[in-house]
Amino acid sequence: MTIHALHTWIGVANEPLIISGPCGAETETQVLKTAEELSRIKEVKIFRAGIWKPRTRPNAFEGVGEVGLKWLSKVQSRFKLKTAVEVANANHTELALKHGVDVLWIGARTTGNPFSVQEIADVLKGVDIPVFVKNPIHPDVQLWLGAIERVANSGVTKLAAIHRGFHYPTKNKYRNKPLWEIAIELKTMLPSLPVICDPSHICGNRQLIPSVAQTALDLGMNGLMIESHINPESALSDAQQQLTPEALKLLLSGLIYRQSSSPNPECHNKLQHFRNRIDEVDEELMHVLKERIQIIEQIGQYKKEHGITIFQLERWQEILRTRSQWSEKLGLSREHIEKLCQLLHEESIRIQTEVMNKKHS
Ligand code: PEP
Ligand code: MN
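Mapping to the working numbering: the sequence shown position 61 is 106, numbers consecutive.
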């Protein structure tokens, strides 16, 4: 898959790409005023606006449609900003291309639908326009990867992923839980793919945006897409999470920008020292795990010889309870230790099942 680095086509080297604009284009005045104010913020390079809005229920504001694309042309010529819109089908894509939109993005609801992504990709054959692919709503990295592959297979090389958080079944403080590990997994699979974070759709409210934006930069993400509106309270969609351009400016100036490495050799040596220590600890951990597995094999054998079942609910509950207590005493994250116990327990069950199934032992 050929993926061209962001700076080769957007002209920002070594700094995060900042995209901003309203959730939806509502009126010409709203679009042009927002764009005018954003054009005065030096970091903002791309103006976003939804023209077709995917809404959960019908009869909500579903976007202004094609007329909004004419407003975006004015944004390009008046304010020298590049423009980006969401496309969800072939018709949207054709219209966006016809009106000269600079960047297309595929929304979270569309990424999860291979038919729609393919339909968009087919229109893009031979058109090397930049395309950003948002993660699907469900935490499924394969679906995200698959959508990127479909677009790439059409010959698009100016690709980026947008991390906008995931639907999560249990209540949490985010509208869409970040699950950073999934964005990291995608980056590991496609190392040259730029990943841009969308803190607006992760947070769902204005208050959390700065900390999520900072975490994205701390993780080395390549840019931020943040929704803005001249009058957020009156926005026809996502009113809770949009910022005024002024608030965006303040937010951007408060962010700490980090480098992926330091030119200072002393810093390099110090990091190497920490990494060597982590290597030692991990090696020790492997030995401890090996010991644990040997005991599991013995207990499996013993249970087999004495006709005892592998899974013992009370013992499992005891493991979870005691390990949580120990982790709390040591100041470790309870959630992390519980996940770890879950993995250890799964492996224990697998090994004991194998022992039980072995014929002549
Ligand atoms: C949007 O960017 O306004 C949008 C609809 O986002 P998502 O596809 O991430 O829900
Ligand atoms: Mn939105």
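Positions of the beta carbon are idealized from the N, C-alpha and C atoms, including for glycine.
Let me check you understand the geometry: is the CB of residue i closer than 7 Å to at least one non-hydrogen atom of ligand 1?
i	result
D243	yes
K179	yes
G95	yes
G152	yes
R209	yes
H318	no
According to the Cβ coordinates, are residue i and residue j closer than 8 Å?
i	j	result
I48	T202	yes
P181	A135	no
L117	V130	yes
A3	S237	Outside the displayed span of the chain (46 to 406) sits residue 3, for which this structure offers no information.
A206	W189	yes
A192	V162	yes
M401	K349	yes
A258	L293	no
L169	V196	yes
L296	I254	yes
A70	A94	yes
I64	G268	yes
Note down the Cα distance separating residue i from residue j, rounded to an integer number of angstroms.
i	j	result
D185	S273	28 Å
V132	E380	38 Å
E373	R360	20 Å
L126	R368	54 Å
A261	I271	12 Å
K119	G110	16 Å
Does ligand 2 have a heavy atom nearer than 7 Å to the CB of residue i?
i	result
H212	no
D283	yes
E359	no
E107	no
E272	yes
C68	yes
Can you tell me whether residue i is helix, strand or coil according to DSSP?
i	result
V176	strand
R320	helix
A70	coil
L149	strand
L288	strand
R251	coil
E408	The requested residue 408 does not occur in the structure, where the chain is confined to residues 46 to 406.
S65	strand
G345	helix
G95	strand
F211	strand
Touching by the beta-carbon criterion (3+ pairs, under 8 Å), the region 276-296 and the region 73-91: yes
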